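Working notes for the structure below.
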Amino acid sequence: MPKVFEESVLAGLTLSSRIIRSATHEGMAGESGRPIPQLSDLYLRLARGGVGAIITGYAAVQENGRTLNNMLMMDKDELVDDYRKLLKPVNDYGTPVIMQLAHGGGQIDPDLVKVEAVAPSKMKYPLNEVVARALSEAEIEEIIKNFVQAISRAKGAGFDGVQLHAAHGYLLSEFLSPCCNKRTDQWGGNTENRFRIINEIIVRARKEVGSYPILMKINAYDADKNGMTKPEAISIAKLFEEAGGDALEVSSGGIALGFHPVRMTAPPVEAIMNLHHRYREKSAISKRVLSAMLPLMIKNLRPLHNYNIEAAAEIKKHLKIPIIVVGGIRDIDTIEKILEEEKADYVSLCRPFIIEPNLVNHFKDKKQETSKCIDCGYCLIGVVDRQLRCYHGKILRQMEKGE
């Protein structure tokens, strides 16, 4: 049996396969951030479908770290029972569920979330037209405390571990990036100072949760001027391991290009015009004009698939902890090659599982070799204020009807 389907141990957790469901915003939370029953159903489908582990969509550790109204929260003790009930069917099945914890920084949607945008340094975000103010040291200490409390709550709720979201231009990622962190105090400057907030989270959390698994997701590189580079990412990965981190997921993407972490065959213009709250109520004429302009404004990155593998392989050479790689991986041959050539220890997928939660079993049973996901990116737009699903067919039907 190929290595991908062998039982393995990641950070003390037993996985039935080496294919992980990477964190995917599900849009399945109420106004207070409580998970709704559909989320438990989704995780159970993924578990039955053969994934080795599930990493949840990002959950905010405090109110001004929330980017969308339908985002999960882990900022209050009273949420613990909700998550415990959510997890029970999946825990009974035996598939580990890891909660991704995050602070959105300045990447909020100001039309949906009425919170003040904050960042390591004052920053302007052209995509959401937000200007974030710089955090005070007291506020940084508060954020550290809230991450630690969220980790403790996740353990109490029955999650098998947590993942710190330090990628894709969210707050922890911004602290790591020289492009975003211009501070001159102990939280900025050299690599060790920029990593300090994460180091403090891990060190303080260990006093509360012991050897409980703490993973992290980072950018190996991005498209930001003076942003993250692979050598810098290697240094950060080493610091994470030294701090006591258990496993590292390697991704890419910063704040300059909104679709950098998740690449598409073409800009999802139809989805933006029909699904996004800023555009869907505009007149037909306005939509035609904007539809012509958007492809010029959205950079279409290439390669479309397998774009973080070599970066993950380079980072893996310097670490002893397991490396997970994500980024446009779609077929079983590529997955097996990554593992056989030891470019990563685990592979994680996001969009393919939206339409095929049973994909891993299909790979294992040789029913298919490649995901059916067409990389249209419509799901990214639809989930902003709706539940996670594939929206491609829905949009095409609306266009055919002239809606």
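Numbering (the numbering used here), first residue to last: 1218 to 1620.
Every residue, glycine too, gets a C-beta built ideally from N, C-alpha and C.
Source: prediction; values computed, not measured.
Those runs of the alpha helix (DSSP H) which lie wholly inside the region 1369–1419 and span at least 4 residues = Within the region 1369–1419, the complete alpha helix (DSSP H) segments of 4 residues or longer fall at 1388–1393, listed in chain order.
For the beta strand (DSSP E) holding Arg1350, just list the boundary residues, first then last.
-> Counting from 1 along the sequence shown, the entry for residue 1350 is found at position 133. Val1347 to Ala1351 is the extent of the beta strand (DSSP E) around Arg1350.
Please list the segments of the beta strand (DSSP E) lying wholly inside the region 1427–1511, counting only runs of 3 or more residues, in order along the chain.
-> Listed in chain order, the complete beta strand (DSSP E) runs (minimum 3 residues) inside the region 1427–1511 are 1431–1436 and 1464–1468.
Can we say the region 1303–1317 touches the region 1329–1344, given the rule of at least three CB pairs closer than 8 Å?
-> With a cut-off of 8 Å on Cβ pairs, the region 1303–1317 is not in contact with the region 1329–1344, counting fewer than three such pairs.
Glu1617: buried (16+ other C-beta within 10 angstroms of its C-beta) or exposed?
-> Within the sequence shown, residue 1617 is the residue found at index 400, counting from 1. Only weak support exists for where Glu1617 lies, its pLDDT of 46 falling under 50; the coordinates are left without a value.
Within the region 1219–1266, note down every full beta strand (DSSP E) run reaching 3 residues or more, in order along the chain.
-> Taken in chain order, the unbroken stretches of beta strand (DSSP E) that lie wholly in the region 1219–1266 and span 3 residues or more are 1225–1227, 1230–1232 and 1236–1238.
Helix, strand or coil for Thr1551 per DSSP?
-> Here the question's residue 1551 lines up with position 334 in the sequence shown. Assigned with DSSP and collapsed to three states, Thr1551 falls in helix.
Element boundaries [alpha helix (DSSP H), containing Leu1304] = In the sequence shown, counting from the first residue as 1, residue 1304 sits at position 87. Under the DSSP assignment, Leu1304 falls in the alpha helix (DSSP H) whose first and last residues are Val1297 to Tyr1310.
For Ile1325: DSSP bridge partner residues = Stepping through the sequence shown from its first residue, residue 1325 is reached at position 108. None; Ile1325 has no bridge partner.
Would you check if there are 3 or more beta carbon pairs closer than 8 Å linking the region 1275–1282 to the region 1353–1373?
-> They touch, by the three-pair rule.
What do you reckon, are the CB atoms on Tyr1429 and Val1479 nearer than 9 Å?
-> The residue given as residue 1429 occupies position 212 in the sequence shown. The residue given as residue 1479 occupies position 262 in the sequence shown. With contacts defined by Cβ atoms closer than 9 Å, Tyr1429 and Val1479 do not form a contacting pair.
Are there 16 or more other CB atoms within 10 angstroms of the CB of Asn1525, so buried, or fewer, so exposed?
-> The residue labelled residue 1525 in the question sits at position 308 within the sequence shown. With 16 or more other Cβ atoms within 10 Å, it is buried.
Can you list, in chain order, the residues of its chain whose CB lies under 8 Å from that of Arg1238, leaving out five sequence neighbours each side?
-> Within the sequence shown, residue 1238 is the residue found at index 21, counting from 1. The residues are Leu1263, Val1268, Ala1270, Ile1271, Ile1272, Ser1565, Leu1566, Cys1567 and Phe1570.
In terms of residues, what are the limits of the beta strand (DSSP E) holding Lys1584?
-> Your numbering for residue 1584 matches position 367 in the sequence shown. Per DSSP, Lys1584 belongs to no beta strand (DSSP E) and is neither H nor E.
Which residues in the same chain as Leu1674 place their Cβ atom closer than 7 Å to its Cβ, once the five residues preceding and following it in sequence are excluded?
-> Nothing about residue 1674 can be read from this structure; the chain reaches only from 1218 to 1620.
Drop a sphere of 10 angstroms on the beta-carbon of Gln1317, count the other beta-carbons inside from all chains shown, and report buried for 16 or more, exposed for fewer.
-> Working through the sequence shown from its first residue, we reach residue 1317 at position 100. By the 10 Å Cβ count, Gln1317 comes out buried.
Val1335 bridges to which residues according to DSSP?
-> In the sequence shown, the residue the question calls residue 1335 occupies position 118. Its beta-bridge partners are Arg1350.
Alpha carbon of Lys1302 to alpha carbon of Ser1503, nearest angstrom | Reading the sequence shown from its first residue, position 85 is the one you call residue 1302. Reading the sequence shown from its first residue, position 286 is the one you call residue 1503. Distance between the alpha carbons of Lys1302 and Ser1503: 46 Å.
From which residue to which residue does the alpha helix (DSSP H) around Tyr1595 run?
-> The residue labelled residue 1595 in the question sits at position 378 within the sequence shown. It spans Tyr1595 to Gly1599 - the alpha helix (DSSP H) in which Tyr1595 sits, taken as one unbroken run.
N-terminal and C-terminal residue of the alpha helix (DSSP H) that Thr1526 is part of | Here residue 1526 refers to the residue found at position 309 of the sequence shown. Residue identity differs from the one stated: residue 1526 is Ile in this sequence, not Thr. From DSSP, the alpha helix (DSSP H) with Ile1526 extends over Ile1526 to Lys1533.
Where does Ile1538 sit, in a helix, a strand or coil, going by DSSP?
-> For this step, residue 1538 is matched to residue 321 along the sequence shown. Coil, per DSSP.
Boundaries (first-last residue) of the alpha helix (DSSP H) holding Ile1571 | As a first step, residue 1571 is located in the sequence shown; it is residue number 354 there, counting from the start. That run of the alpha helix (DSSP H) goes Pro1569 to Ile1572.
My understanding is that Gly1244 touches Arg1603, with C-beta atoms under 8 Å, so please give their C-beta distance in whole angstroms.
-> Position 27 of the sequence shown, counted from the start, is the residue given in the question as residue 1244. Position 386 of the sequence shown, counted from the start, is the residue given in the question as residue 1603. That pair is a contact at about 6 Å.
Can you tell me which of the three DSSP states Leu1318 falls into?
-> Along the sequence shown, one-based indexing puts residue 1318 at 101. Of the three classes helix, strand and coil, the one that applies to Leu1318 here is strand, per DSSP.
Distance CB(Pro1343)-CB(Tyr1300) smaller than 9 Å | Here residue 1343 refers to the residue found at position 126 of the sequence shown. Here residue 1300 refers to the residue found at position 83 of the sequence shown. Going by C-beta atoms, Pro1343 is not nearer than 9 Å to Tyr1300.
By Cβ distance below 6 Å, which residues in the same chain neighbour Phe1392 in space, the five residues on each side in sequence not counted?
-> Looking up residue 1392 in the sequence shown gives position 175. Closer than 6 Å at the Cβ level, and outside the excluded window around Phe1392, lie Pro1337, Asn1398, Arg1411 and Ile1414.
Thinking just about the alpha-carbon of each residue, which of Ser1390, Ala1351, Lys1362 and Lys1293 is nearest to the one in Ala1374?
-> Counting from one through the sequence shown, the residue named residue 1374 turns up at place 157. The shortest CA-to-CA distance from Ala1374 to any of Ser1390, Ala1351, Lys1362 and Lys1293 is the one to Lys1293.
Straight-line CA distance for Tyr1608 to Lys1589?
-> Working through the sequence shown from its first residue, we reach residue 1608 at position 391. Working through the sequence shown from its first residue, we reach residue 1589 at position 372. Distance between the alpha carbons of Tyr1608 and Lys1589 is about 14 Å.
Leaving out five residues on either side along the sequence, give the residues of the same chain with a beta carbon under 8 Å from the beta carbon of Arg1497.
-> One-based indexing of the sequence shown puts residue 1497 at position 280. For Arg1497, where only same-chain residues beyond five positions count, the Cβ hits under 8 Å are Met1490 and Asn1491.
Cβ of Gly1311 within 8 Å of any heavy atom in the ligand ATP?
-> No copy of the ligand ATP appears in this structure; indeed no ligand is present at all.
Can you have a look at Met1514 and say buried or exposed, based on whether 16 or more other CB atoms are within 10 angstroms of its CB?
-> On the sequence shown, position 297 is the one that residue 1514 refers to. Result: exposed.
Taking the C-alpha atoms as reference points, what is the distance between Gly1619 and Ala1501?
-> Along the sequence shown, read from residue 1 onward, the residue named residue 1619 stands at position 402. Along the sequence shown, read from residue 1 onward, the residue named residue 1501 stands at position 284. Confidence in Gly1619 is poor, its pLDDT being 47 and thus under 50, which makes the residue's placement unreliable; the coordinate value appears in the next sentence. Between Gly1619 and Ala1501, the C-alpha separation is close to 10 Å.
Residue from Glu1573, Gly1462, Arg1421 and Leu1521 whose Cα sits closest to the Cα of Leu1536 = For this step, residue 1536 is matched to residue 319 along the sequence shown. Out of Glu1573, Gly1462, Arg1421 and Leu1521, Gly1462 has the C-alpha closest to the C-alpha of Leu1536.
Helix, strand or coil at Met1514 according to DSSP, with G and I counted as helix | As a first step, residue 1514 is located in the sequence shown; it is residue number 297 there, counting from the start. For Met1514, the secondary structure class from DSSP, reduced to helix, strand or coil, is helix.
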